[in-house]
Every structure is written in structure tokens, then in C-alpha cells.
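*Asks:* As given, the protein sequences belong to chains A and B, one line each in that order. Just so it is clear: in the first sequence, position 178 is 329 by the numbering used here, and no numbers are missing. Just so it is clear: in the second sequence, position 44 is 195 by the numbering used here, and no numbers are missing. Backbone N, C-alpha and C define an ideal beta-carbon position, used for all residues, glycine too. None of the values given here were measured: they were computed from a predicted structure. I'd like to ask some things about the structure below.
Number of protein chains: 2
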Amino acid sequence: MPIISQRGLEMPSSPIRKLAPLADAAKREDVKVYHLNIGQPDLPTPQKALDELKKIDRKTLEYSPSEGFLSLRQKLTGYYRSFGIEVTSDEIIVTTGGSEAILLCFLACMNPGDEMLAVEPGYANYISFAITAGIKVKAITSTIENGFALPPIEDFEAAITPRTRAILLCNPSNPTGYVYSPEELQKIKELVQKYDLFLFSDEVYREFVYTDVPYVSAMSLGIPDNVILIDSVSKRYSECGIRIGMIVTHNRLVRDTVMKYCQARLSPPLLGQIVAEASIEGTQEYSEACYAEYKARRDFFIDGLNRIPGVYTPMPQGAFYTVVSLPVADAEDFCRWCLSDFRLNGETLMMAPAAGFYRNPDLGRNQVRMAYVLCIEDLAKALKLLKAALKAYNKRQV
Amino acid sequence: MPIISQRGLEMPSSPIRKLAPLADAAKREDVKVYHLNIGQPDLPTPQKALDELKKIDRKTLEYSPSEGFLSLRQKLTGYYRSFGIEVTSDEIIVTTGGSEAILLCFLACMNPGDEMLAVEPGYANYISFAITAGIKVKAITSTIENGFALPPIEDFEAAITPRTRAILLCNPSNPTGYVYSPEELQKIKELVQKYDLFLFSDEVYREFVYTDVPYVSAMSLGIPDNVILIDSVSKRYSECGIRIGMIVTHNRLVRDTVMKYCQARLSPPLLGQIVAEASIEGTQEYSEACYAEYKARRDFFIDGLNRIPGVYTPMPQGAFYTVVSLPVADAEDFCRWCLSDFRLNGETLMMAPAAGFYRNPDLGRNQVRMAYVLCIEDLAKALKLLKAALKAYNKRQV
Chain A
152 MPIISQRGLE
162 MPSSPIRKLA
172 PLADAAKRED
182 VKVYHLNIGQ
192 PDLPTPQKAL
202 DELKKIDRKT
212 LEYSPSEGFL
222 SLRQKLTGYY
232 RSFGIEVTSD
242 EIIVTTGGSE
252 AILLCFLACM
262 NPGDEMLAVE
272 PGYANYISFA
282 ITAGIKVKAI
292 TSTIENGFAL
302 PPIEDFEAAI
312 TPRTRAILLC
322 NPSNPTGYVY
332 SPEELQKIKE
342 LVQKYDLFLF
352 SDEVYREFVY
362 TDVPYVSAMS
372 LGIPDNVILI
382 DSVSKRYSEC
392 GIRIGMIVTH
402 NRLVRDTVMK
412 YCQARLSPPL
422 LGQIVAEASI
432 EGTQEYSEAC
442 YAEYKARRDF
452 FIDGLNRIPG
462 VYTPMPQGAF
472 YTVVSLPVAD
482 AEDFCRWCLS
492 DFRLNGETLM
502 MAPAAGFYRN
512 PDLGRNQVRM
522 AYVLCIEDLA
532 KALKLLKAAL
542 KAYNKRQV
Chain B
152 MPIISQRGLE
162 MPSSPIRKLA
172 PLADAAKRED
182 VKVYHLNIGQ
192 PDLPTPQKAL
202 DELKKIDRKT
212 LEYSPSEGFL
222 SLRQKLTGYY
232 RSFGIEVTSD
242 EIIVTTGGSE
252 AILLCFLACM
262 NPGDEMLAVE
272 PGYANYISFA
282 ITAGIKVKAI
292 TSTIENGFAL
302 PPIEDFEAAI
312 TPRTRAILLC
322 NPSNPTGYVY
332 SPEELQKIKE
342 LVQKYDLFLF
352 SDEVYREFVY
362 TDVPYVSAMS
372 LGIPDNVILI
382 DSVSKRYSEC
392 GIRIGMIVTH
402 NRLVRDTVMK
412 YCQARLSPPL
422 LGQIVAEASI
432 EGTQEYSEAC
442 YAEYKARRDF
452 FIDGLNRIPG
462 VYTPMPQGAF
472 YTVVSLPVAD
482 AEDFCRWCLS
492 DFRLNGETLM
502 MAPAAGFYRN
512 PDLGRNQVRM
522 AYVLCIEDLA
532 KALKLLKAAL
542 KAYNKRQV
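Below you can see the structure in the form of C-alpha cells.
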């Protein structure tokens, strides 16, 4: 039998999905599982967008342009303008989700063996796409004690080598919910300029910023040739399934190069583009309602977490995730145990062990990532389950 | 300004789409362009599948499973059974088009620097995905004189080195329309076994085989751990835009590895899966009508091409492409000229220069690839345009 590739062996399993078989087994026993592990919003997709599917009168579901429909890209320019980001439709390339946007940026901007700096804990799939592209990720550690603020800029600079080509930021951050301040971004800008690096800025949670500090997009930093924006409609409109993301940059050479990859994969999803386009305009009220809902959940959930003995999480300023330290030595073991052993009135909960979001294998061992994508009633139940589970788990350990 | 990657520079532009700017310019002058360059079928998508879009009553367009919906994979097992291919739903992974299926197979089975043998002329995007994955493609040349039959197996064997990990076949072939015979596939099988190689078999044109010789899928060769089937619903149901393909293999280790890549990109398109699933059953009549239409076009178009002085193409046995030699020295120059200079009653035609389908830069210079995805009436006009264009072009050259 021919053997698989070394890089395939090195690909990590998803820390978000790796415990899924245990959850499936629990469900087969009719146990209700509260999913705090995955960023699948429960909020509805805008009705306006769903209605658009019923209006499709195409006879043939043909390829769309490799760069995405012009009409969609034009509407996106208006959307970006509302966030103070001035781009033309030519500067937007539609991708198959934010996932493809990440991979294509890596491929177009870095060679195998090149290095990229990224904050840890960070979105785990960045590592998967980095392995796919053969690039090395150097993790700069942020800590729960500092509320996952930007690590000292000296830590970034110390990690730079002649192979360093880029810095990757997720702002607001998945998994920590941290929103980088204008001052922090200014420091990143100076470093990017000093070493002439690319700055990949993943801003898919842009709408979900709950602080009063003004949100700064990397596109507004005044380094147009260095910044590449990674974006997606998935979370914004509860449209994770349609797989529509985008790469936005003023750097024409990067766009031209990305387009060669886009042409090879022919086109982004046609139907998803139709839904995404219908979601952009006339959905102000929808967006405000989503924002208010997530903010209320955050306030409720974070407070509730910090009331459980031994549990601590900083207040996330954006997105809908938080990294939580638990009074256990091995959070993955605890997560597994919750799914396989712990039941309270036939219910349990699923969390993502945070170790998978760190590069350093010693970090985050007592942490989990939780997504508050359940209604407050369910979050209240999840909190109750967590409290009881911790008590039972730690008693069992003695 | 930071520079783009070397591999990005090496990515070829699509030979199918590279002349698009010239076509766009012609259209802006109100010139009607007959597109023979791209495999975008003009036939309708099954109405049953289009209707399914109107029935979607989901409130949230959420992620689907990374491996694709079970209900879709179950229906696919029935589809494959009708072609004599016995697989379980677990052995099918749904991908974002055949395009992603190709890339994920390369990533999962080969390391950077590994080698793969493929017939030239071949589907140009194989090269793009090979560059993406960092693997080397060694082209084994088939010739128009032999009707693009499988090159001598000795040519394959002579190209094998210690780094050779796979053979890639497209059957029926894009761009030649050739269908490999049972005897040819037997020779490939023996070579695959002798060197324990992977056999990637791209069979997306399976329904469109116009010969009486029985079609043999690589899945039926009796080398279950070596064969990886690359598939797509794009051409089968005129659903290129929905981006639904699949990887099918009995090799569990390959599937497990592919799944890690699939988890990183989260999920294939939700809406496309709904359309694809609705297309599989109850569309026998539709499929028969498509088949009859393509067959009639082939018979008409190939005959017409060979009646033009100096033009030659072998009879393709499958798919809806053919590679045509023209009485010109530089087919790309001729294709460009047709778009930029040639007009007959305000009309012209667009073809894909075949050189982009060869690895050897000296080959195919006087050839083009044509897709017969237009109705017979339009094909007749295209033939008339080609005849007149060749006459005018060659007169101009004197």
C-alpha cells in the first residue's frame, strides 16, 4: 500500500472537532449536549437573504467569475466604506470562505520555509493552512493574566529572522475575544514597516466589538501595500455554510498572484454569492439585533463563568469566544470526561480544549475555549453543568 | 513593498481564461463571441434540483459536516453502484468541487519534491495544483497522430524515479476526449502495482462516453488501496457553479488524512450539497437527454472541423472537448487575433490555445482545445467563423 505524505501526518486534527466522536456517542445515548465548542452561531440568517434563494430563476447553475461577481464586490465596497475602509471592487477577491482566503494569502505571499509571526492562543486552523503552505508559524505568547492583550512588541521583534515574511493578526481575536487597541496596532505597523513584512489581518468578527474604544482595521493603518485583509460573511450574517469570504488588498501584485490560484479553482460558490449579496444592504436592523444579543450573552456568560469557584476568564471585548482557565490540571481530559462520563439530568456540555490553540505544548493545558453562540437560557444551563461537572470531576480525582 | 512568493510567480495563468480580457474588449464593441474555450455547459441544471432551492426552510445556513452530508454521500453510493463501483458512504468525502478534490489528494499523498506522472496534453489546472502542493509533474506525451491514446507504458516506466509517488489519469480525458481502453488501464494497473504508486483517477466526464467499448473506472481495477477517485457533479448535471466534488477511495489512511485538510477548511458548500443531492435520483431522463445532445453535437462538430482545409481532430470518444490542429504556426497568436481583429457580421470565436495543456513548451503550438458546449446552431456558426478566420489570417500572414 502506498504511504501518505509526511505533511499529511503533521496536519493536526481540529481541536474544535476532535472530541466530536465522544459527543456523537453521548447523543446516541439520548444525552443532550450543550455545544460551547464551535463558533456556529445559532442566530438566523437574514430572511432577506433566505428569500433570495427562492427567487433564483437561472436555468443553469454555471461558473461565476474566479474573482467573484462584480455586483457582490460592488456592494462590499459600500459595506467597507461604512467601516471607514475605502476600497474599490477591483481590490476585493471573493473566496470560498475565510478559510480559502487564509490559504491563498499564505501561498501568494510566502515560500516554503518562510516564517510568519502569530499571537498564541490563535485560531487553530491557521496552523493547518501554514502546514499546507509549508510555512513556519512562530507563536508570540499572550497570557490570560494580561487579558490576552498584544504581547510586548519586543517579543515580536526578537522572533524576526531573515525568513520572516509576515505577521498574522486576528482582530477581534478568535479564540480570546481580545480587540487590539489603536496603540497596539501602531506598534505592529511600525514593525511591519521596519522589516517590510506583510500584515495579514483576519477581521471576520469586525461587527462584534463591545468596547467603546474605536475599532481600527489594519486597512486604515496607512501601509496599503503591506496589509491584506482576510474576511468572511460567515459570522456576520450567520451564513457559515455558504462558504463566502474575501481577500481585500491595495497591493496589486498580491491580487494578481492570488487570482492565479483563484483561476485554478475556477470559481467561488455561486449560490453562496447570491445569498451574501442579498445580506449586505437593508440588514441594518438585523445586524443591530445580532449585536445586542451577543453583547447580552457575553455580559451574562462571562459573569457566570467567573462566579464558579476556580474558574477565570477575562472580559472579551469582541467576537463571541472566550478562553477560560479551569481548576483542573488537564482540560482536555476534563472535556473528554464531560462527554463520556458526566451527566446531569441527562445533559452535559462540550468545550474545546485550549491547548490546540497554542503552539507551545506546555501552554493552555488548564484552559478551554468557549463560544457563546447559544441563547441565554441555554448558556445558563451550560454554566450550571460546568459548575457541577467541575465539582464531580475534582472529587473523583481525589 | 514586500514581494510575493516565488511559487506565486511560477503559477501559470489559466490557458482557458487567459484571453478573457480580449474577449471582454470585443464584447464591449458589441461583437458576439462564440465561446469554445471553456467547459461551461449551456445545458440546463435538472429542474428538480433547482426546485429544491425554493424548498429550503432552514433558518440558519450553518456549517455542514466537513466530510459532507451523510444523506448526500448515501445517495452517491447508489449512483456509483449504477456504474459498477461499490463503495460505502464512509468512503466518500464531499469536496468544494473537483478542484479541491485534486488539491487535497496531492497534499495527502505526496510530499514537496515528489513526482507524479500525467499524460499531456492534460487538464491545465493539474499543474497549478501541483505547484500549489510543491510536487513535480512529469508529462508523458500522447499525440494527435495516435488519437491521444495512452502513450506506450514504457514511456511511463522510463519516467519513474525513486521520488515518483503517483500516476494521474483523466478518463475520459479533458482536453482530448480520449477514453482509455480496458487494455490500457490494465497496463497502468500493472505499473501501479509494480511500483506501489497511487493512481489518481479523474472521472468527472464518466457519463459522457460515446463508444461501444465498455467504460472502466479505475475503482474497478482491483487495486483498492492505490486508487483515489476524483469526481464532481459539475458537468454531469450542469452544476459547475455549486462547487461540489468528491474524493472516493477504499484507502482509509488516505481518507483520514484528507479529512484533516477538510476539517481545516470547515465544510463544503451547504447549498451546493442540497442541489447535488436532489440531482442524483429521478434524473435518468435528464441524463439521457444530455447524453444524446452532446453526442449529436460531437458528431456534427468533429465532422465539420475536419472538413475545413488544414484542420484535423481525432474523433473524441468521451467528454465534450477535442484538441484540434490548425494550419497556423502559432495557435495562440491566431486565437488572440480572432478576438482582437477578426469579425464576420459582427461575430468572432474564442478558443483555448492548446500549448497551455502541454508541459513541453515545444508541443501543441499549432493546436487549440475546443469545447462543444454550444447548441448545434451555434456550433455551425462557429465552424463558419473558424473557416473564414483561418483564411483571412493566413492571407494576412503572407
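Compute the beta-carbon to beta-carbon distance between A/Ile-379 and A/Phe-351, rounded to the nearest angstrom, for a pair I have assumed lies under 8 Å.
*Replies:* Indeed, because the Cβ distance is near 5 Å, the residues count as touching under 8 Å.
*Asks:* Jot down the residue ranges of each uninterrupted alpha helix (DSSP H) in the region 224-288 of chain B, minimum 4 residues, whole runs only, in chain order.
*Replies:* Taking only runs of at least 4 residues, the alpha helix (DSSP H) segments lying wholly in the region 224-288 of chain B are 248-260, 275-284.
*Asks:* Within 8 Å (strictly less), CB to CB, does A/Asn-325 reach chain B?
*Replies:* Not an interface residue.
*Asks:* Going by CA-CA distance only, name the one from B/Arg-510, B/Gly-455, B/Arg-387 that's closest to A/Thr-211.
*Replies:* When each option's Cα is compared against that of A/Thr-211, the closest is B/Arg-387.
*Asks:* Under 8 Å between the Cβ atoms of B/Met-397 and B/Val-245?
*Replies:* Cβ atoms of B/Met-397 and B/Val-245: closer than 8 Å.
*Asks:* Taking the straight line between their C-alpha atoms, what separation do you get for B/Glu-237 and B/Glu-432?
*Replies:* Those two C-alpha atoms are separated by around 17 Å.
*Asks:* Output the residue ranges of the beta strand (DSSP E) runs that lie fully inside the region 354-409 of chain A and measure 3 residues or longer, sorted by chain position.
*Replies:* If we require 3 residues or more, the beta strand (DSSP E) runs fully inside the region 354-409 of chain A come out as 378-383, 395-399.
*Asks:* Check this for me: beta carbons of A/Met-501 and A/Asn-188, under 8 Å apart or not?
*Replies:* A contact, by the Cβ cut-off of 8 Å.
*Asks:* Which value, in whole angstroms, describes the spacing of the CA atoms of A/Glu-180 and B/Ala-317?
*Replies:* Going by the C-alpha atoms only, they are around 44 Å apart.
*Asks:* Let me know if B/Val-474 comes out buried or exposed under the rule of 16 or more other beta-carbons within 10 Å of its beta-carbon.
*Replies:* B/Val-474 comes out buried.
*Asks:* For the alpha helix (DSSP H) holding B/Arg-158, just list the boundary residues, first then last.
*Replies:* Residues 157-161.
*Asks:* From this set, B/Leu-258, B/Asn-262, B/Ile-291, which residue's C-alpha is nearest B/Ala-269's C-alpha?
*Replies:* Answer by Cα proximity: B/Ile-291.
*Asks:* Quick check on B/Asn-276 - is its C-beta less than 8 Å from some C-beta in chain A?
*Replies:* True, the Cβ-Cβ gap to chain A drops below 8 Å.
*Asks:* Cβ of B/Phe-485 within 8 Å of Cβ of B/Pro-272?
*Replies:* Their beta carbons are not under 8 Å apart, which means B/Phe-485 does not touch B/Pro-272 by this criterion.
*Asks:* Report back the beta-carbon spacing between B/Gln-468 and B/Val-330 to the nearest angstrom; my notes put them in contact at under 8 Å.
*Replies:* Contact holds; Cβ gap of about 4 Å.
*Asks:* For B/Phe-280, which residues of its own chain have a beta-carbon under 8 Å away from its beta-carbon, when the five flanking residues on both sides are left out?
*Replies:* Within the same chain, B/Phe-280 has close Cβ partners Ser-250, Ile-253, Leu-254, Phe-257.
*Asks:* Along chain B, in chain order, which residues have C-beta atoms closer than 8 Å to that of A/Phe-280?
*Replies:* Ala-415, listed in chain order.
*Asks:* Whose CA, out of B/Gln-337, B/Ile-339, B/Gln-424, B/Cys-413, lies closest to the CA of B/Lys-226?
*Replies:* The shortest Cα separation from B/Lys-226 among B/Gln-337, B/Ile-339, B/Gln-424, B/Cys-413 belongs to B/Gln-424.
*Asks:* By Cβ distance below 7 Å, which residues in the same chain neighbour A/Glu-556 in space, the five residues on each side in sequence not counted?
*Replies:* One cannot answer for residue 556 of chain A here, as it falls past the ends of chain A, which runs 152 to 549.
*Asks:* Is the region 160-175 of chain B in contact with the region 407-422 of chain A, if contact means three or more CB pairs nearer than 8 Å?
*Replies:* Yes, the region 160-175 of chain B is in contact with the region 407-422 of chain A.
*Asks:* I want to verify the contact list: residues of chain B whose CB lies under 8 Å from the CB of A/Ser-164, in sequence order.
*Replies:* Result: Lys-411, Gln-414.
*Asks:* Could you pull the start and end residues of the alpha helix (DSSP H) that A/Gln-198 belongs to?
*Replies:* Segment 198-205, the alpha helix (DSSP H) holding A/Gln-198.
*Asks:* Taking only beta carbons into account, state which residues of the region 325-344 of chain A come closer than 8 Å to chain B, listed in chain order.
*Replies:* Under the 8 Å Cβ criterion, the region 325-344 of chain A contributes no residue.
*Asks:* Over the uninterrupted alpha helix (DSSP H) stretch that includes A/Ser-164, give me the two end residues.
*Replies:* Segment: none, A/Ser-164 is in no alpha helix (DSSP H) and carries neither H nor E.
*Asks:* First and last residue of the alpha helix (DSSP H) that includes B/Tyr-463?
*Replies:* Counting along the chain, B/Tyr-463 falls outside any alpha helix (DSSP H), and DSSP gives it neither H nor E.
*Asks:* Strictly by DSSP, which residues pair up with A/Ala-522?
*Replies:* Bridge partners of A/Ala-522: A/Tyr-472.
*Asks:* In chain A, what lies closer than 9 Å to B/Lys-446 by C-beta?
*Replies:* Result: empty, since nearest Cβ-Cβ is about 19 Å, beyond 9 Å.
*Asks:* Is the distance from the Cβ of B/Ser-430 to the Cβ of B/Ala-200 below 8 Å?
*Replies:* For B/Ser-430 and B/Ala-200, yes; Cβs fall inside 8 Å.
*Asks:* On a CA-only basis, which of B/Arg-487, B/Ala-480, B/Thr-294, B/Ile-381 is nearest B/Arg-516? Give me that one, please.
*Replies:* B/Arg-516 has its Cα closest to that of B/Ala-480, out of B/Arg-487, B/Ala-480, B/Thr-294, B/Ile-381.
*Asks:* How big is the Cα-Cα spacing for B/Leu-348 and A/Asp-376?
*Replies:* Going from the Cα of B/Leu-348 to the Cα of A/Asp-376 covers about 44 Å.
*Asks:* Closest to B/Leu-525 by C-alpha separation, out of B/Arg-168, B/Val-184, B/Asp-175, would be which residue?
*Replies:* Minimum Cα distance to B/Leu-525 is reached at B/Val-184.
*Asks:* Please state if the CB of B/Ile-155 and the CB of A/Cys-260 are separated by a distance shorter than 8 Å.
*Replies:* Yes, the Cβ-Cβ distance between A/Cys-260 and B/Ile-155 is below 8 Å.
*Asks:* How would you write the range of the alpha helix (DSSP H) that B/Lys-446 sits in, first residue to last?
*Replies:* First-last of the alpha helix (DSSP H) with B/Lys-446: 435-458.
*Asks:* Look up A/Val-184 in the DSSP assignment and give the residues it is bridged to.
*Replies:* Answer by DSSP bridge pairing, in chain order: A/Thr-499.
*Asks:* Below 8 Å, how does it come out for the region 537-545 of chain B and the region 487-494 of chain B: are there three or more Cβ pairs, yes or no?
*Replies:* Yes, the region 537-545 of chain B touches the region 487-494 of chain B.
*Asks:* What's the gap between the Cα of B/Tyr-231 and the Cα of B/Thr-327?
*Replies:* Using only the alpha carbons, I get a separation of about 24 Å.
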